[in-house]
Structure formats: structure tokens, C-alpha cells
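Read through the structure below, which is laid out as C-alpha cells, and then see the notes.
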Amino acid sequence: MIALNTAVASQLREFRQSVDARMAAGEQKEHAIFELLREYIRESKPIRFDGNGYSDEWRQEAQQRGIDCESSVPLIYDAYTSPSSVQMFEDTGVMNRTELAARNEVKWDTYIKKVQIEARVLGDIVLNHIIPVATRYQSTLLDNVYKMRQVYDYDKACTLSAHDDSLIEELSEHISSIKMNVDNMVEARKQANHIASERQRAIAYHDTVLPYFDQIRYHVDKLELIVDDELWPLPKYREILFSH
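Residue numbers 280 to 523, in the working numbering, belong to the letters of the sequence shown in order.
Here is the structure:
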């Protein structure tokens, strides 16, 4: 909001100065405003978009228009200390270059702490809640397969337990992938913590720690579709959406 309000204030002041300059050159006030607005409409065409500004469609469109569409939070903060931004903030008397740089340090530190906390919580949930439950359900299936082979001959038991066998293998793959990704995420966090620069550490958290969130979530979501509802420790998506 600070950046948006400052930009609006800066533009309004520039607008007033331009109108005054035109009037000083002999233009009528209404004509000066009208002509200036026409210029603004033409100049702002590259950034106008009537679709979903959060969609991939806009990202592709923005790239074609040559507009910055950086999605890395730590890198986005660099915009605050770009020459044009510093000039805008200083000209409006909102903040100077030193204040902007100091606020960026705080933003990077806050970003690091948020991702770090989320990574720790995610690791705790999957290692202490999801994997144990998935393993317990897998053990139930293994017990069922074992008992079938005690009751039926081998070929018939294999036929009857084919679905359970498939689930057991699928469970193993997801459990192993979760454990591997959590271990890699922890290691990436340790490596990032050794970086002295707040900015570079924040970038490392974004580039090397955060990607594991989606990878871990993918396998947890798959387990959610497999594991018995009575065992699953968290509300499932369909329960959140449709339970009353």
C-alpha cells in the first residue's frame, strides 16, 4: 500500500505539473487535461490487461510486452531500490534510499523466517503424522495379503490380493519420496543458513528450500487418496469442501 499510494501521489503531482506547464504555454485548462489524458492512455497501453492478472496467461502476455513479471519474492524486493523507485520515494518525501534499503533487509529477514517456519512445520507434520499413518495402513494391507496366501493357493491369492499389492507398492513409493524430499529440504535449509547476506540467503530459501514444499505436498495428496479415512489424521479436501 505504501508503494501504491506513493506511486499515485507521484503521478498526480506529475499530472498537475504537466497541466500547469501546458496552461502556462497558452492552452486552455480543459484542453490541456484532455490532451494529457490522451497521452497517458497511449503510454499505459502496454500494462493494461483485462484478463486474470494472476494467471499464467498474463505472465506470458507480460513477457511478450516486455514487462517485468518476476515471481521470486526476494528478487521482487529489489524493485524498491531501483533508481526510478528511489527517485519516486525521495521526490514525494516518503522514504530515502537508506530507509528503502533498510526496509528491504527487514523484508528479506521476514521472508526467510516465514519459509523456515513453514518448512519446519511441514517436516514435522509429514514425519510425525502422515508417514506413520501411511505405514500403518500399509501394514494392514500387508497383513491382509499374508492371510490370503495362508488361506488360498498361491495363484488365487495373487489374483485376489492384486489390488492390495498395487496399493502397497504405491504407498512405499510415496512414503520414500516424502522422506527423501524432507531430508533434502532440511539439508537445503542448512546450506542456506550459512549464507551471510540477507538477500542471498532469502534467494537461496526461495530457490532451494521452497520448491520442496510442492514436491512433498504432491506425495501427501496422493497418500490422502489412498489411506483409510479413519486413519488419516487431518481433514481431507472433500471433508473441508462438503462436510457440514
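Ideal Cβ positions, reconstructed from N, Cα and C, are used throughout, including at glycine. On a predicted model such as this, the values are computed, not experimentally measured, just so you know.
Terminal residues of the alpha helix (DSSP H) in which residue i lies
| i | result |
| --- | --- |
| G402 | 376 to 404 |
| Q307 | Careful: Q307 lies outside any alpha helix (DSSP H) and carries neither H nor E. |
| M302 | 281 to 303 |
| H442 | 441 to 472 |
| L513 | Taken as a continuous stretch (DSSP letters only), L513 belongs to no alpha helix (DSSP H), as it is neither H nor E. |
| L489 | Here L489 belongs to no alpha helix (DSSP H), and DSSP marks it neither H nor E. |
| N423 | 410 to 430 |
Sequence-distant residues of the same chain with beta carbon closer than 8 Å to residue i, five excluded per side
| i | result |
| --- | --- |
| N472 | R480 |
| T419 | D507 |
| I447 | Q417, L420, L421, V424 |
| V352 | Y390, A481, H485 |
Inter-residue spacing [alpha-carbon to alpha-carbon] between residue i and residue j
| i | j | result |
| --- | --- | --- |
| Q470 | H453 | 26 Å |
| C437 | R428 | 8 Å |
| Y356 | R382 | 9 Å |
| E378 | K308 | 38 Å |
| N331 | P325 | 15 Å |
| H442 | R344 | 52 Å |
| D347 | A341 | 7 Å |
| F328 | L510 | 47 Å |
| I519 | Y431 | 41 Å |
| G322 | L291 | Residue identity differs from the one stated: residue 322 is Glu in this sequence, not Gly. Taking the straight line from one Cα to the other gives about 16 Å. |
| D444 | Q339 | 44 Å |
| R415 | E449 | 14 Å |
| V394 | S289 | 34 Å |
| L354 | I474 | 16 Å |
| E318 | G305 | 18 Å |
Cβ neighbours of residue i in the same chain (closer than 7 Å, five flanking residues each side left out)
| i | result |
| --- | --- |
| S297 | L315 |
| P512 | H408, V412 |
| V405 | I457, V461, I495, V499 |
| I311 | The amino acid at residue 311 is misidentified as Ile; the sequence shows Ala. These residues qualify, in order along the chain: V298, R301, M302. |
From the options, residue whose alpha carbon lies closest to that of residue i
| i | options | result |
| --- | --- | --- |
| H485 | G305, S350, N460 | S350 |
| H408 | G345, K458, R292 | K458 |
| V488 | L504, R468, A475 | R468 |
| Y359 | R344, W387, A441, P490 | W387 |
| M464 | D443, D493, L439 | D493 |
| I505 | A413, N460, D444 | A413 |
| G402 | Q366, I495, D434 | I495 |
| I281 | A475, M374, Y491 | M374 |
| D462 | A286, A304, D434, R399 | R399 |
| V365 | T285, S476, L450, K501 | T285 |
| M367 | E397, I396, L283 | L283 |
Cutoff 6 Å; reference residue i; Cβ partners in own chain excluding five residues on either side
| i | result |
| --- | --- |
| H498 | H453, S456, I457 |
| R478 | W387 |
| N460 | Y491, Q494, I495 |
| L502 | A413, H453 |
| E384 | E477 |
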